[in-house]
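Participant:
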Amino acid sequence: MTDAIAVLNAGSSSLKFSVFTERGDEFELTARGQAEGLYTAPRFVARDGAGTLLGEKSWGDGVELGHDGALDHLIAFLRAGLAEHRLVGVGHRVVHGGLEYAQPVRLDATILAALEKYIPLAPLHQAHNLAPIRALFERSPQLPQVACFDTAFHSGAPPVAQAFALPKAITDRGVRRYGFHGLSYEYIASVLPQHDERAARGRTVVLHLGNGSSMCAIAAGRSVASTMGFTAADGLPMGTRCGNLDPGVILYLLDELKMDARAIEKLIYQQSGLLGMSGISSDMRTLEANAAPKAKAAIDVFIYRIGRELGSLAAALGGLDAIVFTAGIGENSRSLRARVCRDAAWLGVELDAVANERNAPRISAAGSRVSAWAIPTNEELMIARHTRRLLGED
Ligand code: ADP
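Position 12, counted from 1, in the sequence shown is what this note's numbering calls 160; the numbers after and before it change by one each time, with no gaps.
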């Protein structure tokens with residue numbers, strides 16, 4: 149029997165999971181997969197660490213499996229498929245830790261109730277993240293559960309980086325810049341010393357570019373600024389989110405276009421970004437393969453905004469030693485990385501085009517003053533590490 153830790157990431161219509169088993173000091177990925185389309189056409193798939201199919205099931209169009217149904221299916225799958233492992237804990241990705249939780253935390257009913265207070269701060273994520281925690285407490289009260297927050301890594305950022313220029317009474321209600329994707333940044337910061345010790349001790353900007361995209365300035369392993377703010381709608385344009393927007397636009401939408409809050413929410417979270425600009429797709433691969441001028445124009449805005457934010461974050465750091473590309477677009481899109489690096493030549497980035505084509509971790513030329521990297525992120529592993537550490541503290 150080896151100990152195993154399950155990692156859950158519950159979204160609005162999906163439940164993603166990974167199972168890690170302990171191998172000495174490190175973890176081995178034993179299974180990963182997801183149940184998706186939970187309210188429309190549920191489908192479950194699980195693969196082992198090498199990508200071999202372990203299990204699959206479809207429920208058909210129109211079936212509402214829901215989060216609880218997906219969790220029950222996952223528990224049954226894990227019981228049958230991982231019989232030789234002992235599940236010692238579950239780590240959850242939780243988007244918001246608010247002002248209170250600057251570190252991962254071992255969960256109990258009181259803490260779960262405290263985290264529910266943050267649902268209004270992340271209306272599209274928090275409630276879904278917390279649902280499987282409550283359901284697991286009901287099903288297996290003895291099973292230790294840990295919450296790891298996307299905000300936590302940024303909680304030590306300087307006050308000036310966290311402030312909105314709003315009256316203090318509003319700031320005191322928790323309206324400030326939090327920053328997200330913290331588990332991804334923490335993972336990259338944890339592996340950066342293996343790649344570039346100078347940068348790990350110095351000043352790095354990490355570009356987490358996926359469906360959700362943000363960038364983070366890291367000084368000696370700590371977040372000092374990020375492009376995301378109060379919500380994950382701020383900063384860069386994303387697959388379907390607009391990124392930063394003059395607040396006057398919201399007033400215009402309210403007053404002149406007579407949109408209500410829900411319609412604006414839909415606009416800024418689901419109908420904007422690459423999808424809204426191109427009118428074609430939110431998916432970078434699809435846009436890169438499309439010759440239409442609107443596809444190119446959307447990518448152009450995305451790259452332009454990345455360049456602007458890179459300058460801003462380099463200023464927050466007072467200089468730059470390295471940039472790291474990660475997440476779906478950052479890890480895979482050679483053309484985007486090449487363009488971002490070319491635009492960043494003024495900062496001292498010099499691309500090695502051959503290394504970039506190979507996705508080699510180091511994609512900058514030997515003499516480049518600022519090194520550039522493409523490093524796969526691993527938020528699930530970061531959660532498993534935190535979970536094991538907290539279980540060991542009993
Ligand atoms: P999420 O934020 O949902 O975790 P990912 O990190 O998986 O998303 O990133 C998804 C994005 O990565 C999509 O826009 C997808 O098109 C893009 N992507 C994945 N592979 C490639 C590729 N080879 N070239 C360009 N973009 C890619």
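The beta carbon of each residue, even a glycine, is placed where N, CA and C say it ideally should be.
(1) Please confirm whether GLU528 and LEU177 have their CB atoms less than 9 angstroms apart.
(2) Please report how far the alpha carbon of MET407 lies from the alpha carbon of HIS534, in whole angstroms.
(3) Within this structure, are the beta carbons of THR388 and GLN419 separated by less than 9 angstroms?
(4) One question on the structure: do MET386 and LEU422 come within less than 9 angstroms of each other, judged by their Cβ atoms?
(5) Who does GLN293 pair with in a DSSP beta bridge?
(6) At which residues does the alpha helix (DSSP H) containing THR535 begin and terminate?
(7) Based on the DSSP secondary-structure assignment, which residues constitute the bridge partners of PHE192?
(8) Could you check if PHE312 is buried or exposed, using at least 16 other CB atoms within 10 Å of its CB as the buried criterion?
(9) Consult DSSP for LEU465 and reduce its assignment to one of helix, strand or coil.
(10) What do you reckon, is the C-beta of ALA475 under 8 angstroms from a heavy atom of the ligand ADP?
(11) What do you reckon, is the C-beta of ARG487 under 8 angstroms from a heavy atom of the ligand ADP?
(12) The beta strand (DSSP E) that contains SER519, what's its start and end?
(13) Which residue or residues does DSSP assign as beta-bridge partners of PHE175?
(14) Please name the residue in SER516, LEU247, ALA309, ASP256 whose C-alpha comes closest to that of ALA373.
(15) With DSSP as the reference, please indicate the residues paired to GLU156 in a beta bridge.
(16) Note down the Cα distance separating SER481 from ALA380, rounded to an integer number of angstroms.
(17) Flag LEU430 as yes when its Cβ comes closer than 8 angstroms to any non-hydrogen atom of the ligand ADP, and as no otherwise.
(18) Assuming the contact rule is C-beta atoms closer than 8 angstroms, TYR326 and HIS302 should be a hit. Round their C-beta distance to whole Å, please.
(19) Where DSSP assigns a beta bridge to ASP151, which residues make up the other side?
(20) Can you tell me where the beta strand (DSSP E) with MET363 in it begins and where it stops?
(21) Give a yes or no on contact between the stretch 153 to 173 and the stretch 274 to 287, applying the rule of three or more CB pairs nearer than 8 angstroms.
(22) Does the stretch 468 to 484 come into contact with the stretch 347 to 360, if we say contact requires no fewer than three beta-carbon pairs (one atom in each stretch) closer than 8 angstroms?
(23) Could you spell out where the beta strand (DSSP E) holding ARG351 opens and where it closes?
(24) Can you tell me which of PRO292, PHE285, PHE297 puts its alpha carbon nearest to the alpha carbon of TYR249?
(25) Would you tell me roughly how many angstroms separate the C-alpha atoms of LEU291 and LEU539, rounded to the nearest one?
(26) For a test of the three-state rule: what should DSSP assign to ARG510, helix, strand or coil?
(27) Given this structure, state the Cα-to-Cα distance separating ILE366 from PHE192, to the nearest angstrom.
(28) Looking at the secondary structure, which residues open and close the beta strand (DSSP E) in which ALA279 lies?
(29) For my contact list, LEU163 and ALA224 are in at a C-beta cut-off of 8 angstroms; report their separation, rounded to the angstrom.
Facilitator: According to the structure shown:
(1) The answer is yes: Cβ separation under 9 angstroms.
(2) 43 angstroms
(3) yes
(4) Cβ distance < 9 angstroms, so MET386 and LEU422 count as in contact.
(5) VAL238
(6) From DSSP, the alpha helix (DSSP H) with THR535 extends over 527 to 540.
(7) ALA183, LYS205
(8) exposed
(9) helix
(10) Within the cutoff, so yes.
(11) no
(12) Segment 519 to 522, the beta strand (DSSP E) holding SER519.
(13) GLU170
(14) ALA309
(15) First, the amino acid is wrong: residue 156 is Leu here, not Glu. According to DSSP, LEU156 bridges with PHE165, HIS240.
(16) 22 angstroms
(17) It should be noted that the sequence gives Ser, not Leu, for residue 430. Yes, Cβ of SER430 sits closer than 8 angstroms to a heavy atom of the ligand ADP.
(18) Between TYR326 and HIS302, the beta carbon gap of about 6 angstroms places them in contact (Cβ cut-off 8 angstroms).
(19) ARG234
(20) 361 to 367
(21) yes
(22) yes
(23) 351 to 357 is the span of the beta strand (DSSP E), which, as asked, contains ARG351.
(24) Between TYR249 and the set PRO292, PHE285, PHE297, the nearest pair of CA atoms involves PHE297.
(25) 11 angstroms
(26) strand
(27) About 37 angstroms.
(28) From DSSP, ALA279 is part of no beta strand (DSSP E) but of the alpha helix (DSSP H) over 274 to 287.
(29) In fact, because the Cβ distance is near 14 angstroms, the residues do not count as touching under 8 angstroms.
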